[in-house]
Amino acid sequence: MLHPRRSCAFKAILFCWLFLGVGRADPLPDFAINAVISGSSTVSSIALETKGFFVDVAGPTVLLQSGYTRIERALAALTSIAGQLSTTGVTLTQAISTMSLNKNGPIATYFDPISAAITKLQRLITTDLTGQLTNLTAEIDHYVKDNFLDSFKTLGPTLVTLSQAVTNLRTAVTSARAASGTAVTVSPNDVKKFVTTRVISDITNGVRLLRTNVPILVYIVKSTLSSFQSADQYLVGLVQEAMQREQDVIALSVSNTADVNASVTTVTQSLTTELNGPYSKLTQLYRTKLQVTVEANATFKAMVDGWLNDTAPLFDNLDVGGKLETIYSTYVQQVLALDDNLAAFYGSSMCSLVYHLLQSLIENGPYAQFCFSKYGQKVFNFFVLHATDVEDCYRLQMTRLDKLVPALLNIVKLMVHDIDDFAVHIERCTQFKNLQNCVPYLGAEYKTLLGYTATKRDYLYRLATKETNGSYYRLAGCYHNGEHIMLLNAEEMKIEIDNCKINGPTVV
705 MLHPRRSCAF KAILFCWLFL GVGRADPLPD FAINAVISGS STVSSIALET
755 KGFFVDVAGP TVLLQSGYTR IERALAALTS IAGQLSTTGV TLTQAISTMS
805 LNKNGPIATY FDPISAAITK LQRLITTDLT GQLTNLTAEI DHYVKDNFLD
855 SFKTLGPTLV TLSQAVTNLR TAVTSARAAS GTAVTVSPND VKKFVTTRVI
905 SDITNGVRLL RTNVPILVYI VKSTLSSFQS ADQYLVGLVQ EAMQREQDVI
955 ALSVSNTADV NASVTTVTQS LTTELNGPYS KLTQLYRTKL QVTVEANATF
1005 KAMVDGWLND TAPLFDNLDV GGKLETIYST YVQQVLALDD NLAAFYGSSM
1055 CSLVYHLLQS LIENGPYAQF CFSKYGQKVF NFFVLHATDV EDCYRLQMTR
1105 LDKLVPALLN IVKLMVHDID DFAVHIERCT QFKNLQNCVP YLGAEYKTLL
1155 GYTATKRDYL YRLATKETNG SYYRLAGCYH NGEHIMLLNA EEMKIEIDNC
1205 KINGPTVV
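Those letters in the sequence shown? Residues 705 to 1212, per our numbering, in order.
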């Protein structure tokens, strides 16, 4: 006799099972014969539920945008594997459900598709998918293949169990149908004799076992497809980031060019102010004080004209300014060329790192998501840091070039001093009563002036050339040092990613 409390507990458990449909056995004419067989609706229900899982095995549609062929090839292999498993599984479970609810037969018509689907699914997991699994492994290493093979290890025996249960059920309903002769309905006694509770229990358990084996396939496919999608989206974003930072660097270069040109303008405008005025004053003084007297003597005229012709280029603000502009223009062209191959550098420097990072994700290994999450965004920072380093390089060199401007202007002022000095000598020359004594005096001063001024002008050019060349070399060194640091950091991170992929989190 059951204890009252135990009896209540037993009833509660039994009610729960019945409510959940576990062991529910609705008496319907089923299993491809016209007979009342308890359990057929349960088999059909479980089969349809399993069919839903097999539909999910196909996975969602993944659209790739990055153009990364490795992911494309891996996706093609995985899609083929998942598609075949899904299609065959759907065919099998639908056939089981259809057979379970059929009452007209023929028996072979409803049992043959089940056996054929089981056989096909067995071939898939043992031999037919081997080539595609190998192709998948060639692209993303062995983790996903290992997951599939592990799931196949349990799915294989399940299919054997299910196949035997289907065979036994087919034999049972065939015997029951034969025992009833030509009667339309198979008698309950024949059903009870041949389609035993054990037969129904075996087919039910076989379908249940199949259902428990499919979710892992869904997980493998969905998680791997998700990794592919994430890797593809990441690569698209990374390319956009690299392109953005490339444009930032180019913009820095353009801005630097504008700053350099502004410096040149400052110098050339100063040349106009500093040189043009005093030299005009000098020539005006000559014309008003000496020209008439000098030109009265052909010999003196030729001599003085020669002096003036030789002196004029020294103080020609357009000529001096033009040469300075040429020096700075050469510098600017050299600087602009620094970022000509920046996109190619970003691609080559990051290629190996990005490959290892994406591989860690799409391989879908035990630490895939962890490693990708740990390092993924850090790669973006490489481009940001490089652009920041380049900005610092430009800023530093522009500061130095800004300091060059006063030095150049000081040289110009020294040249102006020579003009003023020569003007003083012309003033003194007018005090000579005999021009013959004045001209030799001016000749001596002219030679001194020409030598000093030419030296200062040439030094102006040399200083501008030397400093702009030095600025370029410093800028190029700073620029390429930033690239070198980027390469070193990328190589270091690549090693860390490989270690993470194998060993997972570092706790010590």
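Virtual Cβ for every residue (Gly too), placed ideally from N, Cα, C.
All values derive from a computational prediction rather than experimental measurement.
Are Val940 and Ser1052 close, meaning C-beta to C-beta below 8 Å?
-> no
Taking the alpha carbon of Leu921 as the point to measure from, which residue in Val943, Gly809, Gly763 has its own alpha carbon closest?
-> Gly763
Please list, in chain order, all residues of the same chain as Asp760 whose beta carbon is under 6 Å from its beta carbon, the five residues on each side excluded.
-> Val922
Do you know how far the Cα of Leu1057 is from the Cα of Val943?
-> 14 Å
In this structure, does DSSP put Ser770 in helix, strand or coil?
-> coil
In the DSSP assignment, find the alpha helix (DSSP H) that holds Leu833 and state where it starts and stops.
-> Neither: Leu833 is in no alpha helix (DSSP H) and is coded neither H nor E.
Pro919 lies in the alpha helix (DSSP H); which residues open and close that run?
-> 901-975
Are the beta-carbon atoms of Lys755 and Val794 separated by less than 8 Å?
-> yes
Quick one: what's got a C-beta closer than 7 Å to Asn1193's C-beta in the same chain, skipping five residues either side?
-> Phe1086
Closest residue to Leu1028 among Leu989, Ser1064, Val964 (Cα-Cα distance) = Val964
In the DSSP assignment, find the alpha helix (DSSP H) that holds Asp1124 and state where it starts and stops.
-> 1072-1133
Enclosing alpha helix (DSSP H) for Asp1044 [first to last residue] = Where Asp1044 is concerned, there is no enclosing alpha helix (DSSP H), given that its DSSP letter is neither H nor E.
First through last residue of the alpha helix (DSSP H) which encompasses Phe1004 | 1002-1015
Any contact of the segment 890-897 with the segment 850-867, i.e. 3+ C-beta pairs under 8 Å?
-> no
Hey, is the segment 924-931 in contact with the segment 781-797, meaning 3+ C-beta pairs nearer than 8 Å?
-> yes
For Glu843, which residues of its own chain have a beta-carbon under 6 Å away from its beta-carbon, when the five flanking residues on both sides are left out?
-> Arg774, Arg777, Ala778
How many Å lie between Asp1044 and Val998 at the Cα?
-> 60 Å
By Cβ distance, which residues of its chain are closer than 6 Å to Val1008, with the 5 residues on each side in sequence left out?
-> Val998
Range covered by the alpha helix (DSSP H) that runs through Asn893 | 892-898
Just how far apart, CA to CA, sit Val968 and Thr1169?
-> 13 Å
Find the nearest neighbour of Phe1094 within the set Glu1187, Thr977, Val890, judged by alpha-carbon distance.
-> Here residue 1094 turns out to be Val, not Phe, going by the sequence shown. Closest by alpha carbon: Glu1187.
Counting along the chain, where does the alpha helix (DSSP H) carrying Phe856 start and finish?
-> 847-883
Which residues in the same chain as Ala799 place their Cβ atom closer than 8 Å to its Cβ, once the five residues preceding and following it in sequence are excluded?
-> Tyr814, Pro817, Ile818, Ala821
How would you call Asp804, buried or exposed, if buried means at least 16 neighbouring beta carbons within 10 angstroms?
-> Looking at the sequence provided, one finds Ser at residue 804 rather than Asp. Buried.
How is the alpha helix (DSSP H) around Val759 delimited, first residue to last?
-> 744-761
Where does Gly1069 land, buried or exposed, given buried means 16+ other C-beta within 10 angstroms?
-> buried
Taking only the alpha-carbon atoms, compute the straight-line gap between Ile1201 and Leu866 and give it to the nearest angstrom.
-> 44 Å
Would you kindly work out how many angstroms separate the C-alpha atoms of Gln933 and Met1190, rounded to a whole number?
-> 27 Å
C-alpha distance - Asn1141 paired with Phe1004, whole-angstrom precision | 11 Å
Compute the Euclidean distance between the alpha carbons of Thr889 and Lys807, then round it to the nearest angstrom.
-> 9 Å
Boundaries (first-last residue) of the alpha helix (DSSP H) holding Gly981 = 981-993
Phe757 and Arg915: beta carbons closer than 8 Å?
-> yes
Burial state of Val1211, where buried means 16 or more other Cβ atoms lie within 10 Å | exposed
Could you check the C-alpha separation between Leu1167 and Gly981 for me, to the nearest Å?
-> 24 Å
State the CB to CB distance for the pair Ile811 and Thr878, rounded to an integer number of angstroms; the pair is presumed to be in contact (CB under 8 Å).
-> 6 Å
Is Asn1203 helix, strand or coil when you go by DSSP?
-> helix
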